[in-house]
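Residue numbers (our numbering): 90 to 227.
The next block holds one structure in the form of structure tokens; read it before the comments.
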């Protein structure tokens, strides 16, 4: 016989328990370490991909959009520099949003069986993206 228990939030979302935040932080770090190990130990070129992806995208966008807009060489150089500043942050944001949502879907069985802060899964993906951002920005 299934018992149904209703859970209701009594406090607003901005009033969080500090112990819950600490637990979520350590859990997010553990998930991030797991994801980074899986991501970079299975391939030899894993860290290189974190550099090649933004550099290749900057080069491709500079060439293609430079031709579309008919930029002179000085304008093309300035456009490339603007892309080099803005694109790594955009890649991190895009990775965090898409992978954060995907982490909740792919870990659905873990979410339904264990009681923990669900934001830890999305925060872990944000940390993994932040590592990629740091490597790609150098």
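Think of the CB as a built atom: it goes at the ideal place given N, C-alpha and C, for glycine as much as any other residue.
Here the structure is a predicted model, which is why all the values come from computation and not from measurement.
Applying the criterion that 16 or more other CB atoms from any shown protein chain within 10 Å of the CB defines a buried residue, is residue i buried or exposed?
{"i": "residue 124", "result": "buried"}
{"i": "residue 182", "result": "exposed"}
{"i": "residue 141", "result": "exposed"}
{"i": "residue 120", "result": "buried"}
{"i": "residue 188", "result": "buried"}
{"i": "residue 151", "result": "buried"}
{"i": "residue 225", "result": "buried"}
If you draw a straight line from the C-alpha of residue i to the C-alpha of residue j, how long is it?
{"i": "residue 138", "j": "residue 214", "result": "17 Å"}
{"i": "residue 112", "j": "residue 118", "result": "10 Å"}
{"i": "residue 148", "j": "residue 134", "result": "20 Å"}
{"i": "residue 126", "j": "residue 153", "result": "35 Å"}
{"i": "residue 218", "j": "residue 190", "result": "13 Å"}
{"i": "residue 180", "j": "residue 199", "result": "28 Å"}
Does residue i come out as helix, strand or coil in the three-state DSSP assignment?
{"i": "residue 204", "result": "coil"}
{"i": "residue 37", "result": "Given that the chain is displayed from residue 90 to residue 227, the structure contains no residue 37 and the question cannot be resolved."}
{"i": "residue 161", "result": "coil"}
{"i": "residue 227", "result": "coil"}
{"i": "residue 93", "result": "coil"}
{"i": "residue 156", "result": "helix"}
{"i": "residue 188", "result": "helix"}
Using a Cβ-based criterion (distance less than 7 Å to any ligand heavy atom), does residue i qualify as near the ligand SAH?
{"i": "residue 147", "result": "What this structure holds is no ligand at all, so the ligand SAH is not there to describe."}
Since residue i contacts residue j with CB under 8 Å, what's their CB separation in whole angstroms?
{"i": "residue 205", "j": "residue 116", "result": "6 Å"}
{"i": "residue 192", "j": "residue 210", "result": "4 Å"}
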